[in-house]
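I have placed the structure first, in the form of structure tokens, so that the comments after it can refer back to it.
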Amino acid sequence: MLLYPSVNTLRDKTDSRYSLVILTAKRARDIVDGKPALTEDEAERPVSQAAREIADDMITYKRPGETE
């Protein structure tokens, strides 16, 4: 069970739950494949590490065709 960061905090970082799941899964796969962690805190599980990075705004996304 994911306690920190809370799911409510993470949902505010994306436009939908689906986007959050995809973003977290892709980053967790990168961590499993050997890419370095972006935070000092090392979590036991890659998904927890990815969630912390998303909560800390180290990982973001942009939809194709989206302008700022």
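Residue 0 is where the sequence shown starts when you use numbering that gives the first Met the number 0, and the numbers rise one by one after that.
Don't be surprised by glycine CBs; every beta carbon is placed ideally from N, CA and C.
From the DSSP output, in three-state form, read off residue i for me.
i          : result
residue 53 : helix
residue 45 : helix
residue 62 : coil
residue 3  : coil
Among the options, which one has its Cα closest to the Cα of residue i?
i          : options        : result
residue 5  : 30, 41, 25, 55 : 55
residue 24 : 39, 63, 50     : 50
message = Report the start-end ranges of each beta strand (DSSP E) in the region 8-33 that is 3 residues or longer and not cut off at the edges.
response = none
inquiry  = Taking contact to mean 3 or more Cβ pairs, one atom from each stretch, closer than 8 Å, check whether the region 0-15 and the region 28-38 are in contact.
reply    = no
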